[in-house]
Structures are given as structure tokens and as C-alpha cells.
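In full-length UniProt numbering, the protein residues as written are 1 to 338.
This is how it looks when you write it as C-alpha cells:
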């Protein structure tokens, strides 16, 4: 005979198994388009205009924003209904808060550590370190391979352009795959820091059910206060992700590198960015003041709409795939005529 206690254990374990299966199915079949805002079907006339824009120039400066990575399953901040601001009441940590408050740093690294372990590292719904490039990243790489791209200036920190094989990438806002020291400027790999955090916090654990849809995680005050954050192994200074926080400034060298490349480009193509932050918008202003034509692919308004000679509303991957197909179709026609 099975006792009541044994039956209870079986039921509890069965519920855990069912929840685990449900989680796996969600992660397997949930679409990256969950984070892409709605848009009307792309107009054929707009595709033809963008095709002509790309064909007419050989030194494109491409600026990409969060909108290009939403199709890979990484949510942006501001998209209506699907952005992080719409899904969560949390806001990004400010640079001054991070620098001035040990408590803020501890809370930041505790949450960052747990999401990395449970979502990014162990197979979550959109593992940041193992997210793959989407169609838009791959088409840009193909256009770059045809020597039509001077540079890709990305506002993203996800490394997806490099994963797609693009070589001329400028990371305007840094990368989430490195960590820097605020005191001596030493840089280390984010993977290495995770190993250090593992050793310092062996008892830190959180269940998948505590992870939010946006990849964030709810931790108790006790968990946060007990979290141990390492200092720089080189000088004992404060460690920070090698990314530009809100309220921080883009390094002067990066700004100058972008200016240099914009000067030597013959046009500007903005993809998946509203240019809300000035660091991105000033690139459009520089190109416009130099008389360089501007094209835009984005869902919704951008700060550079009035400066653009062509704008296409639609998913970045869908638009670029269709335009590239049109370009290749015409190339094949020309080959047959010769």
C-alpha cells in the first residue's frame, strides 16, 4: 500500500515535471517576434525606393538599434506594448547611481548574475550569450561582403553583428561580453566574471518561476544583501559591465572613430532605431549636415524622419530580405542578358 505522504510526494513531483515541460515548450516554440511591435504590410513602392538607395551607394554607414535584435528575441525598451517599459515597471540603472552606491551595484550584479545563470547560461527563453543573429544581421553581412558597407555603428551590446560575420562593426555603447574596472580600466571577459561570482556565491539559487518574461529576476532583499561582488583583481577597484549606462558618456575615441567613418561614407542607413539617445541622433545630424542621403528602416517614428530621403516601415529582417532578393533578381537578369 502507498501511504498518503508518498502519494503527496508523487503529486508534487508530477507538478514539477509538468511545469518543467511547460517551460521547455515555451522556450522552444515561443517566437522572437514576441518582442516586435505590430506594423502594416510593407509597400512594394517603399521596397523599390530602398533597393535603389542601397544600389546607388558603395560606402554605406549603417546605424543599428534595438529594433534589429527584437527578431532574435531580445526586447527593446520603448516599443509600444512589447518593449521592456511596457512589460515591466523596472528602469535601467543610471550611471551615477551605479558609481555612487555600493547597494545599487550589489543589487545590479545579483540580478545580472542570476539572469545570466538561469536564462542566458542554462537555456532560458532568450539566452543573451547564445542568442543567434537573425535575417537582418545576416543580410547586412552579405551586403558588407559585396563591399558596399563602410561600417556598421551599432547601439546594441549583444554582439550579434559579429556573430553574423560582420567585420566593420563599431560598438557605440560597448558590449555586454566584457567587464571593466572603473579605476584602472582593466577589462575582463564576462564569462570569467561569472565563474568568480559562482565561487563567491555558492548558495545563490533561484527557480525558473521567479524569472520574468523580460529576463529580469525578482530577488528577496535577503538574497541581494547577502550577495558578494568581487573587486578588480588588478587594483581592487569597482567592476562595471563594459556598456554605456544611462547618464554615461560615449568614450571620446569611439565618438571620433564614428565621425571619421561617417565623413568617409557616402550615405547613412538607419535600421531599427528611433535615435532617442543623442549619441545615435548626432550621427544622423552629421550625415545630414554633410549632404549625405539618409535611409531608414524602422517601425514607428524616429528623430531623423524629416532628414530621410526614404523610409520603410516594417520588420528589419523582412524588409532587408525582400530588398536583397530584389537586388539579386535584377543581378541575375543582367547576367542572362550578357
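C-beta atoms are modelled at their ideal positions from N, C-alpha and C, and glycine is treated no differently.
By the criterion of at least three beta-carbon pairs nearer than 8 Å, the stretch 141 to 159 is in contact with the stretch 59 to 79. Under the Cβ criterion (8 Å, minimum of three pairs), the stretch 137 to 150 does not count as touching the stretch 223 to 230.
Measuring C-alpha to C-alpha distances from residue 150 to each of 163, 102, 61 and 178 identifies 61 as the nearest. In the assembly as shown, residue 223 is a buried residue. Its beta-carbon has 16 or more other beta-carbons within 10 Å. The beta carbons of residue 297 and residue 309 sit no closer together than 8 Å. Between residue 267 and residue 98, the beta carbon gap of about 37 Å keeps them out of contact (Cβ cut-off 8 Å).
Residue 202 and residue 317 have their C-alpha atoms roughly 41 Å apart. Contact between residue 276 and residue 303 holds: CB atoms are separated by about 7 Å, below the 8 Å threshold. Annotated as proximal: residue 174 and residue 242, with beta-carbon spacing under 8 Å. By alpha-carbon distance to residue 233, the top candidate from 182, 168 and 111 is 182.
At the C-beta level, residue 274 and residue 301 come within 8 Å of one another. Remark: C-beta atoms of residue 272 and residue 65 approach each other more closely than 8 Å. For residue 158, the secondary structure class from DSSP, reduced to helix, strand or coil, is coil. In the DSSP assignment, residue 187 falls within the beta strand (DSSP E) that extends over 187 to 189. As computed with DSSP, residue 64 is found in a beta bridge with 154 and 271. With a threshold of 16 other beta carbon atoms within 10 Å, residue 328 falls short and is exposed. For residue 277, there is no enclosing alpha helix (DSSP H), as DSSP marks it with neither H nor E.
When only Cα atoms are considered, residue 40 and residue 299 end up about 9 Å apart.
In terms of CA proximity to residue 139, 323 leads the group 106, 290, 337 and 323.
Straight-line spacing of the CA atoms in residue 44 and residue 95 works out to 44 Å.
Rounded to whole angstroms, residue 245 and residue 255 show a C-alpha spacing of 16 Å.
Within the same chain, Cβ atoms closer than 7 Å to the Cβ of residue 307 are found at 284, 288 and 294, the five residues on either side in sequence being excluded. For residue 169, same chain residues with a beta-carbon under 7 Å away, outside a window of 5 residues either side, are 152, 154, 161 and 162 in chain order. Approximately 14 Å separates the beta-carbon atoms of residue 111 and residue 193; this is outside 8 Å, ruling out the contact.
Runs of alpha helix (DSSP H) with 4 or more residues, each lying fully within the stretch 258 to 338, are found at 278 to 289 and 316 to 337, listed in chain order. Taking C-beta separations shorter than 6 Å and ignoring five residues to either side along the sequence, the partners of residue 235 in its chain run 183 and 184, following chain order.
Ranked by Cα distance from residue 188, the options 178, 46 and 320 are led by 178. Residue state for residue 183 is assigned as coil, using DSSP reduced to three classes.
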